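Q:
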């Protein structure tokens, strides 16, 4: 596959990538069947619903709407259980599976780490039965790019360690749950080399895990549900991607796509990251939802609630529908998001405020038994974000080869860098595919392959190949 200059062959490149994507879908879907995209992590399958009236198009039910419409509860859907107590011995009771619900159907049934992890997992199970859900994971990502510039090293190795706790503070009859969530995260650059995107001259980061921050409190939020869970209020330090224009199939860089083009997107500056925020989601009728948020626009990962009194903001609202289509009631979500902000990628305070708007479209549709195709489009003011336009198209499959936690994904993407912040940069063209394999009860491995045309004018414009391997350990 060759990437051509835009003015001479952009259409040929788009045709080649699209043909490859369709070819992969046809050949792999016959061997795979999928489950809920969040099921790989949470064992949560609300889109498996009973048949209803034989209308060709209808609105989804309440559970389906909550599943497809992004809320912070994506981080802790299992908190909906009823409290119970069991007789667990920390050191004697076997506990092969992580408490977060992953680990089923491993390739290797023998898990030598289970005796070592048993006390920790049993303690986490006891806490879970008392409405405290703790998850601990470590992601290690190695990437090699086929060509660099300015003498940059082609290899990178980044590590991310997460400890997240969710506490159900109360459950109100007829209203819903109150859940407090905190996430402590450490990112480390183990080889002390540039990120794969920096080394290759890519506009979009090739590894969303790649950073070097040490231990930080990334998430510190409280969510309260009202009116039988039809209204959800979130306040605290959170990620806007939890609520607005989120993609179920490219939402978790630990388990799904790694490139920022697909995982979160090159959206306005106040959209990606963790900020002090207030968010609200309302489901007025089954199948329709409305979400909105406002945050500080600029964050400092070293502080818990930075920028609250700086006069900076990012505001967004989304409305969408969850549909059931055809006799088999294939589910899908279609939404539009509007954004307004006075911050840009270089904004640090009041003195360098800017202004602008953006619009994002999201379409996700189940096309076969639990197999989905999805697409997103962004149109943004050049003042507030790194990209003025971005388009992605992909498909995702879970339960490959009848293995509960195995998954496959492939996607193509195009981005137009903002002329304000990336003067003279070429358009970004990108392809990514991965396969996630549950190796043992505790370990997932994901080979990842990307093709990208470098956008940096200082780098050659020919295709760069990025070979990656992600290892995720769940404790």
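Numbering (our numbering), first residue to last: 11 to 485. Here a beta-carbon is modelled for each residue, glycine too, at the ideal position from N, C-alpha and C. A quick note: this is a predicted structure, and the numbers were derived from the prediction, not measured.
So, for residue 154: in the same chain, excluding its five sequence neighbours on each side, which residues have a beta-carbon less than 6 Å away from its beta-carbon?
A: Working through the chain shown from its first residue, we reach residue 154 at position 144. Closer than 6 Å at the Cβ level, and outside the excluded window around residue 154, lie 164, 165, 477.
Q: Tell me the rounded alpha-carbon separation between residue 426 and residue 463.
A: Counting from 1 along the chain shown, the entry for residue 426 is found at position 416. Counting from 1 along the chain shown, the entry for residue 463 is found at position 453. When rounded, the distance between both Cα atoms is 12 Å.
Q: Quick one: measure Cβ to Cβ for residue 108 and residue 452, integer angstroms, because I've assumed they're closer than 8 Å.
A: The residue labelled residue 108 in the question sits at position 98 within the chain shown. The residue labelled residue 452 in the question sits at position 442 within the chain shown. Confirmed, Cβ separation roughly 7 Å.
Q: Just curious, the beta strand (DSSP E) that residue 172 is in, first and last residue?
A: In the chain shown, counting from the first residue as 1, residue 172 sits at position 162. Note, residue 172: beta strand (DSSP E), 165–182.
Q: Mapping DSSP to helix, strand and coil, what is residue 130?
A: Taking the chain shown and counting its residues from 1, the one referred to as residue 130 is at position 120. Residue 130: helix per DSSP, three-state reduction.
Q: Distance check for residue 410 and residue 138, CA to CA, integer angstroms please.
A: Looking up residue 138 in the chain shown gives position 128. Looking up residue 410 in the chain shown gives position 400. Approximately 29 Å, taken between the alpha carbons.
Q: Using 9 Å as the threshold, is the C-beta distance between residue 76 and residue 239 below it?
A: Sequence index remark: in the chain shown, residue 76 carries index 66 (1-based). Sequence index remark: in the chain shown, residue 239 carries index 229 (1-based). Their beta carbons are under 9 Å apart, which means residue 76 touches residue 239 by this criterion.
Q: By the three-class DSSP mapping on this structure, what secondary structure does residue 138 have?
A: Stepping through the chain shown from its first residue, residue 138 is reached at position 128. Three-state result, residue 138: helix.
Q: Tell whether a beta-carbon distance below 9 Å holds between residue 328 and residue 307.
A: Residue 328 sits at position 318 when you count from the first residue of the chain shown. Residue 307 sits at position 297 when you count from the first residue of the chain shown. Contact flag unset, no.
Q: Taking 8 Å as the limit between beta carbons, can you name the residues of its chain near residue 318, skipping five residues before and five after?
A: Working through the chain shown from its first residue, we reach residue 318 at position 308. Closer than 8 Å at the Cβ level, and outside the excluded window around residue 318, lie 286, 306.
Q: Are the CB atoms of residue 291 and residue 335 nearer to each other than 9 Å?
A: Translated into positions along the chain shown, residue 291 becomes position 281. Translated into positions along the chain shown, residue 335 becomes position 325. Their beta carbons are not under 9 Å apart, which means residue 291 does not touch residue 335 by this criterion.
Q: I need the straight-line Cα distance from residue 433 to residue 211, nearest angstrom please.
A: Residue 433 sits at position 423 when you count from the first residue of the chain shown. Residue 211 sits at position 201 when you count from the first residue of the chain shown. Their backbone Cα atoms lie some 14 Å apart in a straight line.
Q: Taking the C-alpha atoms as reference points, what is the distance between residue 187 and residue 174?
A: By 1-based counting over the chain shown, the position of residue 187 is 177. By 1-based counting over the chain shown, the position of residue 174 is 164. Straight-line Cα distance between these residues: approximately 18 Å.
Q: How many Å lie between residue 398 and residue 147 at the Cα?
A: One-based indexing of the chain shown puts residue 398 at position 388. One-based indexing of the chain shown puts residue 147 at position 137. C-alpha separation (whole angstroms): 35 Å.
Q: Give every residue of the same chain whose Cβ lies closer than 6 Å to the Cβ of residue 270, excluding the five residues on either side of it in the sequence, and list them in chain order.
A: Working through the chain shown from its first residue, we reach residue 270 at position 260. For residue 270, where only same-chain residues beyond five positions count, the Cβ hits under 6 Å are 214, 215, 218.
Q: Who are residue 384's beta bridge partners in DSSP?
A: Here the question's residue 384 lines up with position 374 in the chain shown. For residue 384, which the question treats as bridged, DSSP gives the partners 374, 404.
Q: Below 7 Å CB to CB, which residues in the same chain sit around residue 225 once its five sequence neighbours on both sides are set aside?
A: On the chain shown, residue 225 is found 215 positions in, with the first residue counted as 1. So the qualifying residues of the chain are 194, 196.
Q: How about residue 475 and residue 461: are their beta carbons less than 9 Å apart?
A: Reading the chain shown from its first residue, position 465 is the one you call residue 475. Reading the chain shown from its first residue, position 451 is the one you call residue 461. Result yes, Cβ atoms of residue 475 and residue 461 sit closer than 9 Å.
Q: Within the continuous alpha helix (DSSP H) that includes residue 210, where are the two ends?
A: By one-based count along the chain shown, residue 210 stands at place 200. Where residue 210 is concerned, the enclosing alpha helix (DSSP H) stretches over 206–210.
Q: According to DSSP, is residue 159 helix, strand or coil?
A: Start at 1 with the first residue of the chain shown, and residue 159 comes out as number 149. Looking at residue 159 - three-state DSSP - the assignment turns out to be coil, as it is neither helix nor strand.
Q: Since residue 436 contacts residue 458 with CB under 8 Å, what's their CB separation in whole angstroms?
A: Within the chain shown, the letter at position 426 stands for residue 436. Within the chain shown, the letter at position 448 stands for residue 458. Contact doesn't hold; Cβ gap of about 23 Å is too wide.
Q: Just tell me which of 203, 429, 112 has its CA closest to the CA of residue 167.
A: Numbered from its first residue, the chain shown carries residue 167 at position 157. Here the closest residue by C-alpha is 203.
Q: Within 10 angstroms of its Cβ, does residue 134 collect 16 or more other Cβ (buried), or is it exposed?
A: By one-based count along the chain shown, residue 134 stands at place 124. Residue 134 should be labelled buried.
Q: Rounding to the nearest angstrom, what Cα-Cα distance links residue 136 and residue 149 in this structure?
A: Counting from 1 along the chain shown, the entry for residue 136 is found at position 126. Counting from 1 along the chain shown, the entry for residue 149 is found at position 139. Spanning the two alpha carbons is a distance of roughly 25 Å.
Q: If residue 423 and residue 402 are in contact, beta carbons under 8 Å, what's the gap, nearest whole angstrom?
A: Looking up residue 423 in the chain shown gives position 413. Looking up residue 402 in the chain shown gives position 392. With a Cβ gap of about 4 Å, residue 423 and residue 402 count as contacting.
Q: Which residue spans inside the region 418–463 form an unbroken beta strand (DSSP E) run of at least 3?
A: Counting only runs of 3 or more, we get 438–448, 453–463.
Q: Can you pull the DSSP bridge partners for residue 145?
A: What you label residue 145 is simply residue 135 of the chain shown in a count that begins at 1. DSSP lists 174 as partners of residue 145.
Q: Assign residue 124 to one of three DSSP states: helix, strand, or coil.
A: Here residue 124 refers to the residue found at position 114 when the chain shown is read from its first residue. The answer is helix: DSSP assigns residue 124 an H, G or I state.
Q: What residues are listed by DSSP as bridge partners for residue 392?
A: Locating residue 392 in the chain shown gives position 382, where the first residue counts as 1. Answer is none; residue 392 lacks a bridge partner.
Q: So residue 78 and residue 257 are in contact, right, with Cβ under 8 Å, and what is the actual spacing, rounded?
A: On the chain shown, residue 78 is found 68 positions in, with the first residue counted as 1. On the chain shown, residue 257 is found 247 positions in, with the first residue counted as 1. That pair is no contact at about 11 Å.
Q: Distance check for residue 116 and residue 446, CA to CA, integer angstroms please.
A: Mapped onto the chain shown, residue 446 falls at position 436. Mapped onto the chain shown, residue 116 falls at position 106. Whole-angstrom Cα-Cα distance: 11 Å.
Q: Going by DSSP, what residues sit across from residue 268 in a beta bridge?
A: Counting from 1 along the chain shown, the entry for residue 268 is found at position 258. For residue 268, which the question treats as bridged, DSSP gives no partner whatsoever.
Q: Looking at the structure shown, is residue 294 part of a helix, part of a strand, or coil, going by DSSP?
A: Position 284 of the chain shown, counted from the start, is the residue given in the question as residue 294. Residue 294: strand per DSSP, three-state reduction.
Q: Determine whether the Cβ of residue 165 lies closer than 9 Å to any Cβ atom of chain B.
A: The chain labelled as chain B is not found in the depicted structure, where only one protein chain is given.
Q: Which ranges does the beta strand (DSSP E) cover as unbroken runs of at least 3 residues, wholly within the region 324–364, from first to last along the chain?
A: Those beta strand (DSSP E) runs which fall completely within the region 324–364 and span 3+ residues are 324–335, 340–351.
Q: When you compare the region 363–372 with the region 346–355, are there three or more beta-carbon pairs, one atom per stretch, that lie closer than 8 Å?
A: At 8 Å Cβ cutoff, the stretches touch.
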